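Taking it in order: structure first as structure tokens, then the write-up.
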């Protein structure tokens, strides 16, 4: 994890002048509210709340208001398949790298907006059988990696405490679904885990 965070910091510093870069390290965590689309296969999903947590780094750029942040987060997203007696859990390491622009309201409060790419690496199940009436009715195959995007807003208080809200949207499919309802013809679809996230961070 330390190696991953060091790589993130080096990538972020590449955007800044070394003599002017201000680097802050911290921890962040929060809530995932996921909407999972499956191309109308499986009759839909019932989504459950998940969470994320991990180290983060913020680097100020030599332009007023601009900065870059990067994180290495353990991320969990879960859904229950409505037509199958199965829960699907996506467990990944997510690496978001965002450009931020902030406006100081006072010496204590800074508001900012951010956007950027996010890279995910699956560390959980690679596949999951879908059960129907006690029998296997299909298979959910999770990808080993995926790319998504972030857009959001936040506030920093006393340069230490950070609150964020963002939408994380998939740019590549998270998984593939193969389903055979009630012994009928097989259905195939792609699944994407798009997520609203509420986060809380602390910088040292």
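Residue numbers (this note's numbering): 33 to 236. Beta carbons: idealized from backbone N, C-alpha and C, even for Gly. A quick note: this is a predicted structure, and the numbers were derived from the prediction, not measured.
Within this structure, are the beta carbons of residue i and residue j separated by less than 8 Å?
{"i": "residue 153", "j": "residue 124", "result": "yes"}
{"i": "residue 236", "j": "residue 97", "result": "no"}
{"i": "residue 230", "j": "residue 197", "result": "yes"}
{"i": "residue 193", "j": "residue 133", "result": "no"}
{"i": "residue 135", "j": "residue 143", "result": "yes"}
{"i": "residue 99", "j": "residue 226", "result": "no"}
Pull the bridge partners of residue i from the DSSP assignment, please.
{"i": "residue 187", "result": "143 and 195"}
{"i": "residue 209", "result": "172 and 221"}
{"i": "residue 87", "result": "59"}
{"i": "residue 148", "result": "182"}
Could you pull the start and end residues of the beta strand (DSSP E) that residue i belongs to?
{"i": "residue 120", "result": "118-136"}
{"i": "residue 156", "result": "Per DSSP, residue 156 belongs to no beta strand (DSSP E) and is neither H nor E."}
{"i": "residue 104", "result": "Taken as a continuous stretch (DSSP letters only), residue 104 belongs to no beta strand (DSSP E), as it is neither H nor E."}
{"i": "residue 236", "result": "From DSSP, residue 236 is part of no beta strand (DSSP E); its letter is neither H nor E."}
{"i": "residue 62", "result": "54-69"}
In whole angstroms, what is the alpha-carbon distance linking residue i and residue j?
{"i": "residue 84", "j": "residue 64", "result": "7 Å"}
{"i": "residue 201", "j": "residue 130", "result": "14 Å"}
{"i": "residue 102", "j": "residue 89", "result": "5 Å"}
{"i": "residue 104", "j": "residue 182", "result": "15 Å"}
{"i": "residue 211", "j": "residue 108", "result": "24 Å"}
{"i": "residue 112", "j": "residue 191", "result": "40 Å"}
{"i": "residue 106", "j": "residue 94", "result": "31 Å"}
{"i": "residue 220", "j": "residue 91", "result": "44 Å"}
{"i": "residue 110", "j": "residue 86", "result": "19 Å"}
{"i": "residue 49", "j": "residue 127", "result": "A caution first: residue 49 carries a pLDDT of 48, below 50, which makes its placement in the model unreliable, though a value can still be read off. The alpha-carbon atoms of residue 49 and residue 127 are separated by roughly 23 Å."}
{"i": "residue 147", "j": "residue 139", "result": "24 Å"}
{"i": "residue 203", "j": "residue 162", "result": "25 Å"}
{"i": "residue 81", "j": "residue 62", "result": "11 Å"}
{"i": "residue 55", "j": "residue 120", "result": "38 Å"}
{"i": "residue 228", "j": "residue 149", "result": "15 Å"}
{"i": "residue 199", "j": "residue 145", "result": "12 Å"}
{"i": "residue 218", "j": "residue 60", "result": "42 Å"}
{"i": "residue 195", "j": "residue 157", "result": "31 Å"}
Using 8 Å for Cβ pairs, my map puts residue i next to residue j. What's the rounded Cβ distance?
{"i": "residue 173", "j": "residue 208", "result": "5 Å"}
{"i": "residue 175", "j": "residue 159", "result": "With 8 Å as the limit, residue 175 and residue 159 do not qualify as a contact, their Cβ atoms being about 11 Å apart."}
{"i": "residue 70", "j": "residue 223", "result": "5 Å"}
{"i": "residue 151", "j": "residue 185", "result": "Not confirmed; about 22 Å, so no contact."}
{"i": "residue 122", "j": "residue 206", "result": "6 Å"}
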